[in-house]
Amino acid sequence: MKKFTNLKNSLFLIFLVSSVVLIVFFLPERFSYDRKGLVFSFLFDDMIDGKWVVLFDLSSKKDLPPEAKVVILKGEPLFWEPQELAEKLKGKWVGIVEFDPSYDFARKVALLKKDGLFFRVHTVKPEEIEKLNLDEEALFHRYKRAVLERSVEVLWIRNIKEREILVQRLASYFKGKVVPFPALPESEPFFPKWIFLIPPILLITSLNPLLLSVVFVLPFSREWFVSLLFVSGTLAAYFVPKKKWLKVLSFLLLSISLSLSLSDLYHLNGILDFRGVKLSLVLLPGLLFLSGLWKNRRNWKKYLPLLFLAIPVGFYYLMRSGNSGWVLEVERKFRDWLESVLMVRPRFKEIVCYPFFWLEGFREYDFLRESFGSVALVSMFNTFCHVKTPLVVSIYRSTLGLAIGYTVFFFLKVFLNRFLTSK
Numbered sequence: 001m002k003k004f005t006n007l008k009n010s011l012f013l014i015f016l017v018s019s020v021v022l023i024v025f026f027l028p029e030r031f032s033y034d035r036k037g038l039v040f041s042f043l044f045d046d047m048i049d050g051k052w053v054v055l056f057d058l059s060s061k062k063d064l065p066p067e068a069k070v071v072i073l074k075g076e077p078l079f080w081e082p083q084e085l086a087e088k089l090k091g092k093w094v095g096i097v098e099f100d101p102s103y104d105f106a107r108k109v110a111l112l113k114k115d116g117l118f119f120r121v122h123t124v125k126p127e128e129i130e131k132l133n134l135d136e137e138a139l140f141h142r143y144k145r146a147v148l149e150r151s152v153e154v155l156w157i158r159n160i161k162e163r164e165i166l167v168q169r170l171a172s173y174f175k176g177k178v179v180p181f182p183a184l185p186e187s188e189p190f191f192p193k194w195i196f197l198i199p200p201i202l203l204i205t206s207l208n209p210l211l212l213s214v215v216f217v218l219p220f221s222r223e224w225f226v227s228l229l230f231v232s233g234t235l236a237a238y239f240v241p242k243k244k245w246l247k248v249l250s251f252l253l254l255s256i257s258l259s260l261s262l263s264d265l266y267h268l269n270g271i272l273d274f275r276g277v278k279l280s281l282v283l284l285p286g287l288l289f290l291s292g293l294w295k296n297r298r299n300w301k302k303y304l305p306l307l308f309l310a311i312p313v314g315f316y317y318l319m320r321s322g323n324s325g326w327v328l329e330v331e332r333k334f335r336d337w338l339e340s341v342l343m344v345r346p347r348f349k350e351i352v353c354y355p356f357f358w359l360e361g362f363r364e365y366d367f368l369r370e371s372f373g374s375v376a377l378v379s380m381f382n383t384f385c386h387v388k389t390p391l392v393v394s395i396y397r398s399t400l401g402l403a404i405g406y407t408v409f410f411f412l413k414v415f416l417n418r419f420l421t422s423k
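When we follow my numbering, the leftmost residue of the sequence shown carries the number 1, and every step to the right adds one.
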């Protein structure tokens with residue numbers, strides 16, 4: 001048993017050292033490519049002439065103009081197959097509009113074309129502006145966020161009254177980053193991506209060698225192999241180190257390694273996504289919650305209300321993850337204010353949950369505290385799952401969440417100590 005523990009500790013130490021060495025060596029190159037890739041173009045309605053630049057409706061049977069050089073896809077793909085359209089669009093630029101019914105289809109087309117001629121488009125429709133009552137400040141933050149957090153190549157600003165001032169503000173904010181239409185997608189760094197799979201393999205082996213069975217997925221799908229490997233790594237990063245600061249460090253190293261391992265053309269530009277986002281968000285907190293209930297099963301009636309509470313809370317937690325999550329107007333304004341102050345908004349889950357991660361002494365309810373606190377760590381990991389976000393932005397956002405979360409914990413601890421002492 002002692003030999004097994006020594007081996008486990010040795011593997012974890014090798015994970016830490018190898019992660020730090022690889023990250024220090026290759027991170028500057030990724031930073032450089034992210035910085036070069038942070039350029040964008042403006043697109044206006046009058047630039048879409050229907051001849052050279054075409055807005056192609058996938059819900060229509062109308063064919064492509066043969067002379068088209070730039071084709072922006074939109075609408076529900078009712079009459080086209082991805083492979084068929086990819087063949088027609090080879091050698092042409094393809095525009096992929098975010099949050100449009102065509103989005104997933106257009107990404108498949110870009111992937112099948114295999115020529116690298118694609119760009120992502122962010123736009124806010126006039127009807128959406130009216131429905132959500134978006135003012136100039138809200139629109140500015142929407143477009144700024146698209147470039148800064150998702151590295152979108154084209155900002156399509158419609159014929160609205162705020163158009164000129166938005167263009168001036170965005171061009172001033174991203175000084176020197178505006179290029180002629182269409183902007184090129186971010187290039188792929190030349191370092192070996194596979195080398196970043198070594199640290200998570202060492203990490204999951206230190207928890208349980210049986211987790212290496214994820215390798216059997218590799219012949220069928222590299223995407224799922226990488227996803228399952230790193231998601232398994234979140235369990236090992238939590239359960240192997242005993243000290244809390246080591247848990248945080250392990251999650252950070254694992255998260256950066258994930259982003260570096262997927263630094264290829266299609267992940268960097270949002271054509272491919274990390275497959276295990278939702279799984280990574282629920283696996284560790286859910287495991288801690290259910291194992292805590294199991295250990296206290298003799299008093300199961302005491303915890304029954306928690307089960308009924310966990311289902312809606314878990315659903316809300318998943319719905320609020322990602323760009324598609326809905327927010328109240330007051331929260332949106334608060335987010336925009338945070339961005340204006342901090343440049344990038346820290347994740348609210350981390351600010352709320354980090355204090356529970358650091359706190360102790362909840363007795364029979366400690367498994368709830370632990371489950372809730374672990375949400376902060378998987379939220380950090382989730383930040384790096386979005387590979388299209390410049391890595392320096394993800395690191396900065398995670399650092400903000402950790403710093404603010406720990407500050408909240410510190411004041412909460414002082415308050416609780418004084419409150420309990422006075423009692």
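Glycine is no exception: its CB is placed at the ideal position from the N, C-alpha and C atoms.
Chain-order list of residues whose beta-carbon lies under 7 Å from that of S371 (same chain, five-residue window excluded): Against the sequence shown, residue 371 aligns to sequence position 371. Only residues of its own chain outside the window of five on either side were considered, and among them P285, L288, F289, G292 have a CB closer than 7 Å to the CB of S371, listed in chain order.
Taking 8 Å as the cut-off, decide whether the C-beta atoms of V39 and V154 are in contact. Here the question's residue 39 lines up with position 39 in the sequence shown. Here the question's residue 154 lines up with position 154 in the sequence shown. One thing to note: V39 has its Cβ no nearer than 8 Å to the Cβ of V154.
Sequence-distant residues of the same chain with beta carbon closer than 7 Å to P82, five excluded per side: For the purposes of this step, residue 82 is taken as residue 82 along the sequence shown, with counting starting at 1. Closer than 7 Å at the Cβ level, and outside the excluded window around P82, lie F105, K108, V109, L112.
Quick check on DSSP: helix, strand or coil for K62? The residue given as residue 62 occupies position 62 in the sequence shown. Reduced to three states, the DSSP call for K62 is coil.
Cα separation between S324 and R275? Locating residue 324 in the sequence shown gives position 324, counting from the first residue. Locating residue 275 in the sequence shown gives position 275, counting from the first residue. Summary for S324: the model assigns pLDDT 47, below 50, so the residue's position carries little reliability; its value from the coordinates is reported in the next sentence. S324 and R275 have their alpha carbons spaced roughly 16 Å apart.
Considering I198, what are the terminal residues of the alpha helix (DSSP H) in which it resides? Here residue 198 is taken as the residue at index 198 of the sequence shown, counted from 1. Where I198 is concerned, the enclosing alpha helix (DSSP H) stretches over 198 to 207.
S19 beta carbon less than 8 Å from that of S257: Translated into the one-based positions of the sequence shown, residue 257 becomes position 257. Translated into the one-based positions of the sequence shown, residue 19 becomes position 19. For S257 and S19, yes; Cβs fall inside 8 Å.
So K247 packs on A237, CB below 8 Å; how close in whole Å? Counted from its first residue, the sequence shown places residue 247 at position 247. Counted from its first residue, the sequence shown places residue 237 at position 237. Their Cβ separation, rounded to whole angstroms, is 6 Å, which keeps K247 and A237 in contact under 8 Å.
Quick check: L268 and K388, are their CB atoms within less than 8 Å of each other? Taking the sequence shown and counting its residues from 1, one reaches residue 268 at position 268. Taking the sequence shown and counting its residues from 1, one reaches residue 388 at position 388. Cβ distance < 8 Å, so L268 and K388 count as in contact.
If you draw a straight line from the alpha carbon of K349 to that of T383, how long is it in whole angstroms? Taking the sequence shown and counting its residues from 1, one reaches residue 349 at position 349. Taking the sequence shown and counting its residues from 1, one reaches residue 383 at position 383. Taking the straight line joining both Cα atoms gives about 11 Å.
Neighbour-count burial assignment, K144, 16 or more Cβ in a 10 Å radius: Numbered from 1 along the sequence shown, position 144 holds the residue referred to as residue 144. Buried, by the Cβ-count rule.
So, under 8 Å CB-CB, K51 and E67 are touching, yes? Tell me the CB distance rounded to an integer number of Å. As a working note, residue 51 is residue 51 in the sequence shown. As a working note, residue 67 is residue 67 in the sequence shown. In this structure K51 touches E67 by the C-beta definition: roughly 6 Å separates them, less than 8 Å.
V378: which of L391, Y354, F367 sits nearest, CA to CA? The residue labelled residue 378 in the question sits at position 378 within the sequence shown. The candidate whose alpha carbon is nearest that of V378 is Y354.
Which residue wins for smallest C-alpha separation from G270, given the options D46, V17, E149? Stepping through the sequence shown from its first residue, residue 270 is reached at position 270. It is E149 whose Cα lies nearest to the Cα of G270.
Excluding the five sequence neighbours on either side, which residues of its own chain have a C-beta within less than 8 Å of the C-beta of K92, listed in chain order? Position 92 of the sequence shown, counted from the first residue, corresponds to residue 92. A68, K69, V70, V71, L117, listed in sequence order.
Starting from the C-beta of V392, find all residues in its chain whose C-beta is less than 7 Å away, skip the five residues before and the five after it, and write them out in chain order. The sequence position of residue 392 within the sequence shown is 392, counting from 1. So the list reads F31, D34, once near-sequence residues are dropped.
Measuring only the C-alpha atoms, how far is G322 from K161? Counted from its first residue, the sequence shown places residue 322 at position 322. Counted from its first residue, the sequence shown places residue 161 at position 161. Low per-residue confidence applies at G322: pLDDT is 48, beneath 50, and the placement is therefore not dependable, though the value from the model is reported in the following sentence. Approximately 30 Å, taken between the alpha carbons.
Using a threshold of 8 Å, state whether the C-beta atoms of G95 and F119 are closer than that. Taking the first residue of the sequence shown as 1, we reach residue 95 at position 95. Taking the first residue of the sequence shown as 1, we reach residue 119 at position 119. Against a cut-off of 8 Å, the Cβ pair of F119 and G95 comes out as a contact.
Contact between the stretch 157 to 176 and the stretch 122 to 135 is defined here as three or more beta-carbon pairs at a separation below 8 Å; is this criterion met? With the cut-off at 8 Å, the stretch 157 to 176 and the stretch 122 to 135 touch.
Keeping to the same chain, check which residues put their C-beta closer than 6 Å to that of V17; ignore five residues upstream and five downstream. Position 17 of the sequence shown, counting from 1, holds the residue named residue 17. Result list for V17: empty, nothing under 6 Å.
Buried or exposed (CB count within 10 angstroms, at least 16 for buried), F42: Position 42 of the sequence shown, counting from 1, holds the residue named residue 42. By the neighbour-count criterion, in which a residue is buried when 16 or more other Cβ atoms sit within 10 angstroms of its Cβ, F42 is buried.
Can you tell which of R142, K61, T407 has its C-alpha closest to the C-alpha of R335? As a position in the sequence shown, residue 335 is number 335, starting the count at 1. Ranked by how close their Cα comes to the Cα of R335, the residues R142, K61, T407 have R142 in first place.
Just reading off the alpha helix (DSSP H) that F356 is part of, what are its end residues? Residue numbering aside, residue 356 sits at position 356 when the sequence shown is read from its first letter. 348 to 358 is the span of the alpha helix (DSSP H), which, as asked, contains F356.
Assuming V240 and L279 form a contact by the criterion Cβ under 8 Å, report the distance between their Cβ atoms to the nearest whole angstrom. Against the sequence shown, residue 240 aligns to sequence position 240. Against the sequence shown, residue 279 aligns to sequence position 279. Actually they are not in contact, since the Cβ atoms of V240 and L279 sit about 20 Å apart, beyond 8 Å.
What's the C-alpha gap between T5 and I198? Taking the sequence shown and counting its residues from 1, the one referred to as residue 5 is at position 5. Taking the sequence shown and counting its residues from 1, the one referred to as residue 198 is at position 198. Our two residues, T5 and I198, have alpha carbons roughly 21 Å apart in a direct line.
Distance between L212 and P200 (C-alpha atoms, nearest Å): Here residue 200 corresponds to residue number 200 of the sequence shown, with the count starting at 1. Here residue 212 corresponds to residue number 212 of the sequence shown, with the count starting at 1. P200 and L212: Cα-Cα distance of roughly 10 Å.
Let me know if D100 comes out buried or exposed under the rule of 16 or more other beta-carbons within 10 Å of its beta-carbon. On the sequence shown, residue 100 is found 100 positions in, with the first residue counted as 1. For D100, the number of other beta carbons within 10 angstroms of its own is at least 16, and it is reported as buried.
With DSSP as the reference, label D100 as helix, strand or coil. Start at 1 with the first residue of the sequence shown, and residue 100 comes out as number 100. Looking at D100 - three-state DSSP - the assignment turns out to be coil, as it is neither helix nor strand.
Classify L166 as buried or exposed, calling it buried when 16 or more other Cβ atoms lie within 10 Å of its own Cβ. Sequence index remark: in the sequence shown, residue 166 carries index 166 (1-based). By the neighbour-count rule (16 or more Cβ atoms within 10 Å), L166 is buried.
Note down the Cα distance separating E136 from E130, rounded to an integer number of angstroms. The residue given as residue 136 occupies position 136 in the sequence shown. The residue given as residue 130 occupies position 130 in the sequence shown. Note on geometry: alpha-carbon atoms of E136 and E130 lie some 12 Å from one another.
S324, DSSP secondary structure in three states: What you label residue 324 is simply residue 324 of the sequence shown in a count that begins at 1. The predicted model places S324 with a pLDDT of 47, which falls under 50 and marks its position as unreliable; any figure quoted below should be read in that light. Secondary structure of S324 (DSSP, three-state): coil.
Can you have a look at Y13 and say buried or exposed, based on whether 16 or more other CB atoms are within 10 angstroms of its CB? Mapped onto the sequence shown, residue 13 falls at position 13. The amino acid at residue 13 is misidentified as Tyr; the sequence shows Leu. The residue in question, L13, is exposed, as its Cβ has fewer than 16 Cβ neighbours within 10 Å.
Is it buried or exposed for M47, if we count other Cβ within 10 angstroms and need 16 for buried? As a position in the sequence shown, residue 47 is number 47, starting the count at 1. Only exposed fits M47, as fewer than 16 other CB atoms lie within 10 angstroms of its CB.
Would you decide whether W156 is buried or exposed? Buried here means 16 or more other CB atoms lie within 10 Å of its CB. The residue you call residue 156 lines up with position 156 of the sequence shown. Residue environment for W156: buried (at least 16 other C-beta atoms within 10 angstroms of its C-beta).
Cα separation between S206 and L7? Taking the first residue of the sequence shown as 1, we reach residue 206 at position 206. Taking the first residue of the sequence shown as 1, we reach residue 7 at position 7. Each residue's alpha carbon lies about 8 Å from the other.
Throw me the rounded Cβ distance for the L64 and K88 pair, which I believe falls under 8 Å. Position 64 of the sequence shown, counted from the first residue, corresponds to residue 64. Position 88 of the sequence shown, counted from the first residue, corresponds to residue 88. Between L64 and K88 a beta carbon distance of about 6 Å is seen, short of the 8 Å cut, so the two are scored as contacting.
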